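Chemist:
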Amino acid sequence: MSESILQINHLSKTFGTNQVLRDIDFTVEAGDVISIIGASGSGKSTLLRCINLLETPTSGEILYHGRNILTRGTNAPAYRAHVGMVFQSFNLFNNMTVLENCVVGQVRVLRRNREEARTHAMEYLERVGMAPYINARPRQISGGQKQRVAIARAMAMDPEVLLFDEPTSALDPEMVGEVLSVMKALAESGMTMLVVTHEMAFARDVSNRVVYMNGGVICEQGSPEQLFTNPQRPETVDFLMRFRKN
Amino acid sequence: MNKFAQLAADIAKLWAKYGAAYLSGIENTLILALVGTVIGCVIGFVCGVLNTIPYSKSDHPLKRFFLGLIRVVIRIYVEVFRGTPMVLQAVFLYYGLPYFTNNSMKFTSVWAAAIVVVSINTGAYMAESVRGGIISVDPGQTEGAKAIGMTHVQTMTSVILPQALRNIMPQIGNNFIINVKDTSVMFIIGFPDFFAAHRAAVGASYLYFPSATVEMAGYLTMTLLASFLLRWLEKKMDGSSSYELVQVDQLTMTAGTYSFPDRSSPFDERNPEAVKSMQREALRRQVEREVAEREGQRLNEQRRESHSVQKGGER
Numbered sequence: 001m002s003e004s005i006l007q008i009n010h011l012s013k014t015f016g017t018n019q020v021l022r023d024i025d026f027t028v029e030a031g032d033v034i035s036i037i038g039a040s041g042s043g044k045s046t047l048l049r050c051i052n053l054l055e056t057p058t059s060g061e062i063l064y065h066g067r068n069i070l071t072r073g074t075n076a077p078a079y080r081a082h083v084g085m086v087f088q089s090f091n092l093f094n095n096m097t098v099l100e101n102c103v104v105g106q107v108r109v110l111r112r113n114r115e116e117a118r119t120h121a122m123e124y125l126e127r128v129g130m131a132p133y134i135n136a137r138p139r140q141i142s143g144g145q146k147q148r149v150a151i152a153r154a155m156a157m158d159p160e161v162l163l164f165d166e167p168t169s170a171l172d173p174e175m176v177g178e179v180l181s182v183m184k185a186l187a188e189s190g191m192t193m194l195v196v197t198h199e200m201a202f203a204r205d206v207s208n209r210v211v212y213m214n215g216g217v218i219c220e221q222g223s224p225e226q227l228f229t230n231p232q233r234p235e236t237v238d239f240l241m242r243f244r245k246n
Numbered sequence: 001m002n003k004f005a006q007l008a009a010d011i012a013k014l015w016a017k018y019g020a021a022y023l024s025g026i027e028n029t030l031i032l033a034l035v036g037t038v039i040g041c042v043i044g045f046v047c048g049v050l051n052t053i054p055y056s057k058s059d060h061p062l063k064r065f066f067l068g069l070i071r072v073v074i075r076i077y078v079e080v081f082r083g084t085p086m087v088l089q090a091v092f093l094y095y096g097l098p099y100f101t102n103n104s105m106k107f108t109s110v111w112a113a114a115i116v117v118v119s120i121n122t123g124a125y126m127a128e129s130v131r132g133g134i135i136s137v138d139p140g141q142t143e144g145a146k147a148i149g150m151t152h153v154q155t156m157t158s159v160i161l162p163q164a165l166r167n168i169m170p171q172i173g174n175n176f177i178i179n180v181k182d183t184s185v186m187f188i189i190g191f192p193d194f195f196a197a198h199r200a201a202v203g204a205s206y207l208y209f210p211s212a213t214v215e216m217a218g219y220l221t222m223t224l225l226a227s228f229l230l231r232w233l234e235k236k237m238d239g240s241s242s243y244e245l246v247q248v249d250q251l252t253m254t255a256g257t258y259s260f261p262d263r264s265s266p267f268d269e270r271n272p273e274a275v276k277s278m279q280r281e282a283l284r285r286q287v288e289r290e291v292a293e294r295e296g297q298r299l300n301e302q303r304r305e306s307h308s309v310q311k312g313g314e315r
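The listed protein sequences correspond, in order, to chains A and B. Going letter by letter, the first sequence gives residues 1 to 246 in the numbering used here. Going letter by letter, the second sequence gives residues 1 to 315 in the numbering used here.
Following this line, the structure appears as structure tokens:
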């Protein structure tokens, strides 16, 4: 199992008396595009935040290239630099321009020189179509544009895995498409991605594995064809039915 | 009316004799207030940052102990210097230092003593303001910074503090204006500020009211000027509300999106690739429809045939 980037064993998370994640097991191989679907409150986002150590899991282990990152001596910032994250609420730095947003991490965390970082950032800003807006501040651009900048910011760090926490949920319907198409292009370029999403079409068409979570456990997982056309568990059938109706 | 004329005459008389003293008093007051506020802000920022270092139960016990200790020390500092009058702090430090060290250590100049007192006093207020400023920045900003691998110090210096600074600018302005006025208590240790000039002038001339009028006008001018400058500074920090689109470099337009429907891009429905795939899809649907139709016809024919066979059987 040494080639898998992330391996999660028996992961649990409790907030007070509320058990949000129960005994989660799954692995992420290089090149995987995994969609995590499920109803609100099923623990999808918490799982993603645990993987990025934004939440500290209560028990279990997360192996990153075979090394457990939940032990006490782990350098969390150094680990996070390898695991990018895109948030539902974008979280762009409001005190910087679009370009500075994509440069600051490279300069301060990866210690690249400013010129190199700038060129690298521009490469990704072009890929997400935000190159003309490099001088704008986050408050001046639309939600979809912010999310595309956030993706470029995460990509500019050259992460091994990119985590998406409901990247389109805070967007107006007409902006969802532009973000999804950027993500699709990213997936096709071979990026390893973990996407928590309510966009079933994206989960079906782009990912190579779909994980359905319910009540803090992984209820069912498999290839998109398998999960969407021939779900095995009654909960999955129920969830997908509800989605079709909406 | 002639009272006003008399006041004007008295002020003129005072100014002729003590004008230079008043002006140098104003200068000293402004320098002391400015330096005190700046150093106080630095103290406040350091305290605010130390106060907000996060720690969790999984951290090393020694780290937790030290962070806890730092918080307690800062708390005591804030409560003591916020809870006692500055005039007493000045006396306490200025005379207390030589008292405790048998005159081996003392403030060599009244300037040093005044700056120290004003700085630590302002620092105590600013520590709480900075803490508030840091809390007021959206937690998402911290998460965004953490997610790209920044440490606490990097997050603070690059992302949180610049925003917190902007948020507490009004508070810093408040402190500066308060310092302009409150440095007047420094006459207690013999600091030559604007108010000390008043005391010197009335000691000799007994013109209390005219001198007080000069003082009132002087302090008001300083504070009004200060608030005007602070407003201007705040506006400058916010930056211009417009931004320039970069359009000289055509390369940058290779990856446009729906925002540029008149230009081609990989994510655009006008992109030849996308058009091709849409055409393919349309073709596939058409073929499917035709196949389905043919299938339907075939079934119909079969049914008709079996029907006629049945009829034939009856016959």
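In this text, a Cβ means the ideal position worked out from N, Cα and C, and glycines have one as well. Predicted, not measured: the structure shown is a model, and the values here were computed from it.
Tell me whether Y206 (chain B) sits in a helix, a strand or coil according to DSSP, three-state version.
Modeler: coil
Chemist: Can you confirm whether T56 (chain A), when its beta carbon is compared against all beta carbons of chain B, has any partner nearer than 8 Å?
Modeler: yes
Chemist: In the segment 208-239 of chain B, which residue ranges form an unbroken alpha helix (DSSP H) of at least 4 residues, counting only runs that do not cross its ends?
Modeler: 208-238
Chemist: Output, in chain order, the set of chain B residues within a Cβ distance shorter than 8 Å of G84 (chain A).
Modeler: A147, I148
Chemist: Which runs of the alpha helix (DSSP H) fall wholly inside the segment 103-171 of chain A and span at least 4 residues, in chain order?
Modeler: The segment 103-171 of chain A contains these whole alpha helix (DSSP H) runs: 114-127, 143-156.
Chemist: Classify L54 (chain A) as helix, strand or coil using the three-state DSSP reduction.
Modeler: coil
Chemist: Find the nearest neighbour of K181 (chain B) within the set B:K106, B:Q141, B:R304, B:A226, judged by alpha-carbon distance.
Modeler: B:A226
Chemist: With 7 Å as the limit, tell me which residues of the segment 55-80 of chain A have their beta carbon closer than that to any beta carbon of chain B; keep them in chain order.
Modeler: T56, R72, P77, A78, R80
Chemist: Thinking C-alpha only, which one of A:L63, A:N214, A:N52 is nearest I252 (chain A)?
Modeler: What is shown of chain A runs 1 to 246, which leaves residue 252 (chain A) out entirely.
Chemist: Given a threshold of 16 other Cβ atoms within 10 Å of its Cβ, counted over all protein chains shown, does Q297 (chain B) qualify as buried or as exposed?
Modeler: exposed
Chemist: My output table needs one value for V229 (chain A): the three-state DSSP class, helix, strand or coil.
Modeler: Going by the sequence as given, residue 229 (chain A) is Thr instead of Val. Helix, per DSSP.
Chemist: Between which two residues does the alpha helix (DSSP H) carrying Y64 (chain A) extend?
Modeler: From DSSP, Y64 (chain A) is part of no alpha helix (DSSP H) but of the beta strand (DSSP E) over 59-64.
Chemist: Could you confirm whether any beta carbon from chain B is found closer than 8 Å to the beta carbon of R108 (chain A)?
Modeler: Chain B, which has a Cβ nearer than 8 Å to the Cβ of R108 (chain A), makes this yes.
Chemist: So if I threshold CB-CB distances at 7 Å, which residues from the segment 41-55 of chain A count as touching chain B?
Modeler: So the close ones are N52, L54.
Chemist: Would you mind sorting S40 (chain A) into buried or exposed? The rule is 16 or more other CB atoms within 10 Å of its CB.
Modeler: exposed
Chemist: Distance check for E225 (chain A) and V28 (chain A), CA to CA, integer angstroms please.
Modeler: 19 Å
Chemist: How many whole angstroms separate the CB atoms of A90 (chain B) and A112 (chain B), which I take to be in contact at a CB cut-off of 8 Å?
Modeler: Actually they do not touch by this definition, with Cβ atoms about 12 Å apart.
Chemist: Under 8 Å Cβ to Cβ from L171 (chain A), same chain only, skipping five residues before and after it: list those, please.
Modeler: Excluding its 5 nearest sequence neighbours in each direction, L171 (chain A) has C-beta neighbours in its own chain below 8 Å: G143, G144, Q147, V179, listed in chain order.
Chemist: I148 (chain B) by DSSP, collapsed to three states: which one?
Modeler: Here I148 (chain B) sits in coil by DSSP.
Chemist: Note down, in chain order, all residues in the segment 95-119 of chain A with a beta-carbon under 7 Å from any beta-carbon belonging to chain B.
Modeler: N95, V104, G105, R108, V109
Chemist: Are the beta-carbon atoms belonging to D32 (chain A) and T236 (chain A) less than 8 Å from one another?
Modeler: no
Chemist: Quick one: give me the first and last residue of the beta strand (DSSP E) that N214 (chain A) is part of.
Modeler: 209-214
Chemist: List the residues that DSSP assigns as beta-bridge partners of E220 (chain A).
Modeler: A:Y212
Chemist: At which residues does the beta strand (DSSP E) containing Q19 (chain A) begin and terminate?
Modeler: 18-29
Chemist: Report all residues from its chain with a CB closer than 6 Å to the CB of D158 (chain A); omit the five preceding and five following residues, and keep chain order.
Modeler: none
Chemist: Give the secondary structure of S42 (chain A) by DSSP, where H, G and I count as helix, E and B as strand, and everything else as coil.
Modeler: coil
Chemist: Which parts of the segment 41-65 of chain B are runs of the beta strand (DSSP E), unbroken and 3 residues or longer, counting only runs that do not cross its ends?
Modeler: none
Chemist: Once you ignore the five residues that flank A164 (chain B) on each side, which residues in its own chain have a CB closer than 6 Å to its CB?
Modeler: G133, I134, V137
Chemist: For Q7 (chain A), list the residues DSSP reports as bridge partners.
Modeler: A:T27, A:L63
Chemist: Can you have a look at D25 (chain A) and say buried or exposed, based on whether 16 or more other CB atoms are within 10 angstroms of its CB?
Modeler: exposed
Chemist: What does S136 (chain B) touch in chain C if you count any residue whose Cβ is under 9 Å from its own?
Modeler: This model lacks chain C altogether, as its protein chains are A and B.
Chemist: What residues of chain A sit near V159 (chain B), judged by a beta carbon separation below 9 Å?
Modeler: What V159 (chain B) touches in chain A, judged by beta-carbon distance under 9 Å, is F93, N94, N95, M96, V104, going in chain order.
Chemist: Residues of chain A with CB under 7 Å from T151 (chain B), in chain order?
Modeler: P77, listed in chain order.
Chemist: Are the segment 76-86 of chain B and the segment 56-65 of chain B in contact at 8 Å, needing three or more beta carbon pairs?
Modeler: no
Chemist: Once you ignore the five residues that flank G40 (chain B) on each side, which residues in its own chain have a CB closer than 6 Å to its CB?
Modeler: S119, T122, G123, M126
Chemist: In angstroms with no decimal places, state the Cα-to-Cα distance between M186 (chain B) and Q171 (chain B).
Modeler: 23 Å
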